[in-house]
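Engineer: Dropping a structure here in structure tokens format, bear with me for questions.
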Ligand SMILES: *Cc1c(COP(=O)(O)O)cnc(C)c1O
């Protein structure tokens, strides 16, 4: 078994246990392998181990890998900060984007998505820890952004994403994820058909699952330590 396959099996076991502990169906949680900093061969090894969803944080790096592995049936998630001049690259090549935090970027993505492609699956990134340094819309502005985004052609609004301030305490991790889950519930109550909560990374995905994550983004837990340039 490859090193990746061993780590994947261990991560899947933890995902299952966290889901069952929360009384949830593990099949309702998508595991996205965050491959930033790792090359085409690592993607192929991961695919061979059964992994299908991959996440990238840098548009050009991600698109290079998408093109290099176009022979494989993979789903690509853009999870990094979205610069206006990279929206066309992201819209044309990725299946998902998790990091929309302003309307201008959403409009540019919608414009660049070809009508012949299926809609780009979209999540709004929320700054749930109120850190000035992190990207994401403030919670108070999530509803108006979601309503505007839901009206755009070419995009399918699916839910919310957050990267809380790192914390080693399980209960503190849960508290941050709970804020995102409650915000999602409030948006759903207004009639928005959201079904995706993108939250949880290698250091906190069990807490995220306890609070309702439907998609976790795991990098180092699957690929090992990232090269320092990423
Ligand atoms: C890098 C990254 C991850 C994965 O981080 P790990 O701690 O290695 O699991 C998840 N989400 C986003 C947005 C990232 O940039």
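Residue numbers (this note's numbering): 5 to 234.
Note that beta-carbon positions come from the ideal geometry of N, C-alpha and C, so glycine has one too.
Given the structure, does residue 38 come close to ligand 1, in the sense that its CB is under 8 Å from one of the ligand's heavy atoms?
Structural biologist: For the purposes of this step, residue 38 is taken as the residue at position 34 of the chain shown. Yes - ligand 1 has a heavy atom lying nearer than 8 Å to the Cβ of residue 38.
Engineer: What does the alpha-carbon distance come out to for the pair residue 25 and residue 214?
Structural biologist: Against the chain shown, residue 25 aligns to sequence position 21. Against the chain shown, residue 214 aligns to sequence position 210. The alpha-carbon atoms of residue 25 and residue 214 are separated by roughly 8 Å.
Engineer: Could you check if residue 222 belongs to the surroundings of ligand 1, using beta carbon to heavy atom distance under 8 Å?
Structural biologist: For the purposes of this step, residue 222 is taken as residue 218 along the chain shown, with counting starting at 1. Yes, Cβ of residue 222 sits closer than 8 Å to a heavy atom of ligand 1.
Engineer: Can you say whether residue 194 is buried or exposed, counting buried as having 16 or more other CB atoms within 10 angstroms of its CB?
Structural biologist: Locating residue 194 in the chain shown gives position 190, where the first residue counts as 1. Label assigned to residue 194: exposed.
Engineer: So the candidates are 86, 7, 191 and 112; which of them puts its Cα closest to the Cα of residue 50?
Structural biologist: Here the question's residue 50 lines up with position 46 in the chain shown. Of 86, 7, 191 and 112, the residue nearest in Cα terms is 7.
Engineer: In terms of residues, what are the limits of the beta strand (DSSP E) holding residue 37?
Structural biologist: Counting from one through the chain shown, the residue named residue 37 turns up at place 33. Looking at the DSSP string, the run of the beta strand (DSSP E) that includes residue 37 is 34 to 38.
Engineer: Do residue 150 and residue 196 have their CB atoms nearer than 9 Å?
Structural biologist: Walking along the chain shown from the start, residue 150 turns up at place 146. Walking along the chain shown from the start, residue 196 turns up at place 192. It is a contact, given that the beta carbons lie within the stated cut-off.
Engineer: What's the gap between the Cα of residue 74 and the Cα of residue 109?
Structural biologist: Numbered from 1 along the chain shown, position 70 holds the residue referred to as residue 74. Numbered from 1 along the chain shown, position 105 holds the residue referred to as residue 109. So the alpha carbons of these two residues sit roughly 26 Å apart.
Engineer: When the Cα atoms are used, what is the spatial distance from residue 170 to residue 102?
Structural biologist: Indexing the chain shown from 1 puts residue 170 at position 166. Indexing the chain shown from 1 puts residue 102 at position 98. Computed Cα separation, rounded: 19 Å.
Engineer: Determine the closest residue to residue 91 out of 63, 146 and 125, with distance taken between C-alpha atoms.
Structural biologist: Along the chain shown, read from residue 1 onward, the residue named residue 91 stands at position 87. Closest by alpha carbon: 63.
Engineer: With respect to 8 Å, is the separation between the Cβ of residue 230 and the closest non-hydrogen atom of ligand 2 below this value?
Structural biologist: With respect to small molecules bound, the structure shown includes ligand 1 and not ligand 2.
Engineer: Can you name the start and end residues of the beta strand (DSSP E) that residue 91 belongs to?
Structural biologist: As a working mapping, residue 91 is identified with position 87 in the chain shown. Element bounds for residue 91: not the beta strand (DSSP E) but the alpha helix (DSSP H), 91 to 97.
Engineer: Is there a C-beta anywhere in chain C that falls below 9 Å from the one on residue 111?
Structural biologist: No chain C is present in this structure, which holds just one protein chain.
Engineer: Take the Cβ of residue 228 as the centre, count every other Cβ of all protein chains shown within 10 Å, and call the residue buried at 16 or more, exposed below.
Structural biologist: Position 224 of the chain shown holds residue 228. Counting Cβ neighbours within 10 Å, residue 228 comes out exposed, since fewer than 16 surround it.
Engineer: With distances taken between CB atoms, is the gap from residue 163 to residue 128 smaller than 9 Å?
Structural biologist: Here residue 163 corresponds to residue number 159 of the chain shown, with the count starting at 1. Here residue 128 corresponds to residue number 124 of the chain shown, with the count starting at 1. Taking 9 Å as the Cβ cut-off, residue 163 and residue 128 qualify as a contacting pair.
Engineer: Regarding residue 132 and ligand 1, is the C-beta to nearest heavy atom distance less than 8 Å?
Structural biologist: Position 128 of the chain shown, counting from 1, holds the residue named residue 132. Answer for residue 132: no, Cβ out of range of ligand 1.
Engineer: Could you round the C-beta distance between residue 33 and residue 218 to whole angstroms and report it? I think they count as a contact, below 8 Å.
Structural biologist: Here the question's residue 33 lines up with position 29 in the chain shown. Here the question's residue 218 lines up with position 214 in the chain shown. Confirmed, Cβ separation roughly 6 Å.
Engineer: Since residue 58 and residue 37 are thought to touch, with beta carbons under 8 Å apart, how far apart are those beta carbons, to the nearest angstrom?
Structural biologist: Taking the first residue of the chain shown as position 1, residue 58 is located at position 54. Taking the first residue of the chain shown as position 1, residue 37 is located at position 33. At roughly 5 Å, the Cβ-Cβ gap stays under 8 Å, so residue 58 and residue 37 are in contact.
Engineer: Contact check, residue 216 vs residue 185 under 8 Å by CB: the rounded distance?
Structural biologist: Indexing the chain shown from 1 puts residue 216 at position 212. Indexing the chain shown from 1 puts residue 185 at position 181. Contact flag correct, Cβ pair sits at about 5 Å.
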